[in-house]
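Residue numbers (our numbering), protein chains in the order written: chain Z, 1 to 289; chain F, 1001 to 1276. No residue lacks a Cβ here, since even glycine has one placed at the ideal position from N, Cα and C. Quick caveat: nothing in here was measured; it's all calculated off a predicted structure. Single-structure report; data block below.
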Amino acid sequence: MTDTATIRVEGVSKRYGDAFAVREVDLDLAAGECVAMVGHNGAGKSSLIKLMLGLTTPTAGSVRVLGGDPASAAASHIRRQVGFLPESVAFHPSMTGRETLDFYARLKRVPRDGNDALFERVGLEPAAVKRRVGTYSKGMRQRLALAQALLGGPKVLFLDEPTTGLDPALRQSFYEIVRDLRDAGTTVLLCSHALTELEGQADRVVVMNRGRKVADGSLATLRGLAQLPVRIRLTRPSGEVVETACANDDKVATLRRIACEGPELADIEVVQPSLDEMYAHFLRREAAE
Amino acid sequence: MNTLLTIAAKEVRDGLRNRWVVATTLLMAALALTLSFLGAAPTGTVGVGRVEVTIVSLSSLTIFLLPLIALLLSFDAVVGEIDRGTMTLLLSYPVARWQVLIGKFLGHAAIIAFATVLGYGAAGVALAMSGSEIGPESWRAFAAMIGSSVLLGAAFTAMGYLASTLVRDRGTAAGIAVAIWLVLVLLYDMALLGLLVADGGKTVNAGLLNGLLLANPADAFRLFNLTGFKSVSQFAGTAGLAAQVQVSASVLLAVLAGWVAAPLALAAVLFSRRQI
């Protein structure tokens, strides 16, 4: 994993005035990995992304992206391989969709003849491409934002709150594109509040709170760490519903006991703790410390 | 180089789309034509080249109007893009910060150059078509006036960029821009005049006065146009002053160019350290 790390954040802190936006964060991201970063507003997610983009420099620690310092003067070749979809993306309203993508393609020195394919990939209609961005709906702006982030086939992709304001169908196609990229070896870092929709999308989840990394691991690992009870919902043939809970490790034994020794049942439903619940748990634990 | 041109071209297109280019060009042309016709009326029968009179009027127009247009165009350039969130995305691209700043500046300077050349050029064409005899010396003075006007516009654009990188709030940047205009265009000369009267020629000698005049780009522009050409200074009432000014035209142009480069360089340094 160390050999394939595309992003390495070591002991990074970032202070604005007296307030720490990021505190002593260590984070390694590998190629072909889709990592979700979750946390409140102001938990330091966007600040961390800005550090990795080289827009700001860390107060302490070091950030390496694709083997170099993203804030250095020689970072051009790094940035050419990085895609970024900012939170609440803004474009110049007087430019058309095509002009906007042409502009960014020129800056990235990517041939512009691939732009049509990009528009098709993100689902922007040719008619919409000719219109000014000022007339776009939120969903169309977000598609255009994704198109510019995909310019030049990035090796590292930062997506900050990419699906806010998107309808469910669009979200699905959005995550489909993200999956394809990850399978092609791109490192994808995804920030979101919408925890439930990240389940099944991310290989790893990083929980941030008040600038600190409070948890890091796959969903299964986090479940083990959180030790939240698994709820088992039993439906009797009469329609009566009984709910019971047990520890994650006892889940199988409990189910066997219920099935063999318990009363007659119409249905058994096992409810794993959701990402939302785990997130709340990690924040509570952090607050208690 | 390519990156600079890409950013500059985007800025020019923005200017065309939001009608800035059209509005400033029309304004400059309308004022220039009005001044060249009205300003020439009293001297029309005397039979001298009316171009000189027009140059004097247009120089005064430039000093008041062009800095204002330049500052209005530029105060929002950096702080506005940061505010709207377009800067974050732009800087995540493989572009250096100075390229963003200089590229945008080139775009805005091009808009000002376009409006000035076309607007004042219209007055020149009108003069040529009016049939009066205009010598090559007069045309040179006219061309120098247009060129130095563009330079003055660029100087105030650069100062607007400095204001725009200095602060975190668009309102503050606008306030600084207005203050720059008030001080350099209106108050500076009044203060200088007051100083001369109060001093009564005891400590402020010609050398110091020249220095003080060069410290303001608007005055450098005025000196260049009103004393640089003999035929013009006769009409501007500055012939006496012209004899006193020991500053050559090339020095005045260099000072104006310095007023473009210095604020821009400072803005570039500040911007490169800025934490977005």
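Given 8 Å as the limit, is there contact between the stretch 184-193 of chain Z and the stretch 156-170 of chain Z, that is, 3 or more CB pairs closer than that? yes
First and last residue of the uninterrupted beta strand (DSSP E) at Glu120 (chain Z): No beta strand (DSSP E) contains Glu120 (chain Z), which is instead part of the alpha helix (DSSP H) from Asn115 to Val122.
Buried or exposed: where does Pro998 (chain F) fall if 16 or more other Cβ atoms within 10 Å of its Cβ makes it buried? Residue numbering for chain F in the displayed model covers 1001 to 1276; residue 998 (chain F) lies beyond these limits and cannot be assessed.
Give every residue of the same chain whose Cβ lies closer than 7 Å to the Cβ of His281 (chain Z), excluding the five residues on either side of it in the sequence, and list them in chain order. Ala226 and Leu228
Take the Cβ of His92 (chain Z) as the centre, count every other Cβ of all protein chains shown within 10 Å, and call the residue buried at 16 or more, exposed below. buried
May I have the straight-line CA-CA distance separating Arg257 (chain Z) from Val89 (chain Z), to the nearest angstrom? 53 Å
Quick one: list the residues of chain F neighbouring Lys155 (chain Z), beta-carbon separation under 9 Å, in chain order. Within chain F, no residue comes near Lys155 (chain Z); the closest Cβ sits about 13 Å away, beyond 9 Å.
Proximal chain F residues relative to Ser137 (chain Z), where beta-carbon distance stays under 9 Å: Result: empty, since nearest Cβ-Cβ is about 18 Å, beyond 9 Å.
At a cut-off of 7 Å, is Gly39 (chain Z) close to the ligand COA when judged by its beta-carbon and the heavy atoms of the ligand? The ligand COA is not among the ligands present in this structure, which contains no ligands whatsoever.
How would you list, in chain order, the residues of chain Z whose beta-carbon sits under 7 Å from the beta-carbon of Leu1209 (chain F)? In chain order: nothing, as chain Z lies at least about 44 Å away.
Below 7 Å on C-beta distance, what does Pro86 (chain Z) contact in chain F? Gly1085, Thr1088 and Leu1089
Please go through the same chain and pick out, in chain order, the residues whose beta-carbon is closer than 7 Å to the beta-carbon of Ala5 (chain Z), but skip the five residues on each side of it. Asp28, Leu29 and Ala30
Report, in whole angstroms, the separation of the C-beta atoms of Arg223 (chain Z) and Gln272 (chain Z), which I expect to be a contact under 8 Å. 7 Å
Beta-carbon spacing of Gly139 (chain Z), Leu166 (chain Z) below 8 Å: yes
Alpha carbon to alpha carbon, how far is Thr1045 (chain F) from Val1021 (chain F)? Confidence in Thr1045 (chain F) is poor, its pLDDT being 47 and thus under 50, which makes the residue's placement too unreliable to answer from.
Comparing the C-beta of Ala90 (chain Z) with each C-beta of chain F, is any distance below 8 Å? yes
Use the C-beta contact count for Gln971 (chain F): other C-beta atoms within 10 angstroms, 16 or more gives buried, fewer gives exposed. No answer is possible for residue 971 (chain F): it lies beyond the span of chain F, which begins at 1001 and ends at 1276.
Find the residues of chain Z that neighbour Ile1276 (chain F), judging by a C-beta separation of less than 9 Å, and give them in chain order. Lys50, Leu55 and Thr56
Taking Cβ-Cβ distances below 7 Å as the criterion, which residues of the stretch 1145-1170 of chain F are in contact with chain Z? none
Note down, in chain order, each residue of its chain lying with its Cβ closer than 6 Å to the Cβ of Asp339 (chain Z), except the 5 sequence neighbours on either side. Residue coverage of chain Z in this structure runs from 1 to 289, which leaves residue 339 (chain Z) outside it and unanswerable.
Please list, in chain order, all residues of the same chain as Ser1138 (chain F) whose beta carbon is under 7 Å from its beta carbon, the five residues on each side excluded. Gly1049, Val1051, Glu1052 and Ser1231
So, is the C-beta of Ser1059 (chain F) closer than 8 Å to a C-beta in chain Z? no
Could you check the C-alpha separation between Lys251 (chain Z) and Glu269 (chain Z) for me, to the nearest Å? 12 Å
Determine the direct distance from the alpha carbon of Ser173 (chain Z) to that of Glu240 (chain Z), and round the result to whole angstroms. 39 Å
Can you find the residues in the same chain that come closer than 6 Å, C-beta to C-beta, to Lys45 (chain Z), ignoring five residues on each side of it along the sequence? Met37, Gly39, Cys191 and Met208
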